[in-house]
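**Q**
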Amino acid sequence: MRNQIVKSLESRALRKRPVSIRIADALTGKFGSMAFLGFNLVLFASWIYINSGRVAQITPFDPFPFTLLTMIVSLEAIVLSIIVLMSQNRQSYISTLREEVDMQVNLISEREITKVLKLLKELKEALLKEKKIDQELEEMIKEVDASYIERKLEEELAERPEPIIKKVEEAVEKTLTPKE
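If you want my numbering, it's the 1-based position in the sequence shown plus 1368.
(1) Got a sec, what are the start and stop residues for the alpha helix (DSSP H) Gln-1459 sits in?
(2) Using the C-alpha atoms, what's the distance from Lys-1520 back to Ile-1416?
(3) Checking 8 Å against the spacing of the C-beta atoms, do Met-1454 and Ala-1392 come in under that value?
(4) If you follow the alpha helix (DSSP H) that Gly-1406 is part of, which residue opens it and which one closes it?
(5) For Pro-1433, verify whether its CB is less than 7 Å away from any heavy atom of the ligand FMN.
(6) Give every residue of the same chain whose Cβ lies closer than 8 Å to the Cβ of Ile-1436, excluding the five residues on either side of it in the sequence, and list them in chain order.
(7) Can you tell which of Asp-1502, Asn-1457, Ala-1413, Ser-1463 has its C-alpha closest to the C-alpha of Val-1441?
(8) Could you check the C-alpha separation between Leu-1495 and Ile-1501 for me, to the nearest Å?
(9) Thr-1396 to Ala-1445, Cα distance in whole Å?
(10) Let me know the secondary structure DSSP gives Ala-1394 once reduced to three states.
(11) Roughly how many whole angstroms lie between the Cα atoms of Tyr-1516 and Glu-1478?
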């Protein structure tokens, strides 16, 4: 059931993609292949070979230091980065949807398990006609306050600085601080 919900969410998200994202996804699939890597390697090697003056029939059009090639490779890197980022943003959106579904399913499961535990406790008490207090069971059948957990998590996240950012700040501080 949960798998069907997640697949359904993903398929709906895929169908709702704008044309630009569909193109970015298709291009990411093509550009992230060994064929594209091979094409680039052959193209760049040929470019360098031709422009180093080793082919007598072709006059070098971009001699060393291959300024035109450098510009083309730089532009290719920019375009590829943007395309990959577009695809990653969509993937991130789908992952967020999955996490939300997982959380909702977990909350529903928790409520159902709590209800089953309560019923089992009542059944045990009815069959044994005694009320023996099981502290662990009493703790387990308490309702979980999801909003409390969410608030606590938000508070904890707000209190902690981002660890990676902290490391970068420390490294920059060490590098830029003048030594006496």
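Every residue gets a Cβ at the ideal spot worked out from N, C-alpha and C, and that includes glycine.
**A** In short:
(1) 1435 to 1496
(2) 59 Å
(3) yes
(4) 1402 to 1419
(5) What this structure holds is no ligand at all, so the ligand FMN is not there to describe.
(6) The residue you asked about is not Ile; residue 1436 is Leu in the sequence shown. Excluding positions up to five away in sequence, the list reads Phe-1429, Asp-1430.
(7) Ala-1413
(8) 15 Å
(9) 13 Å
(10) helix
(11) 15 Å
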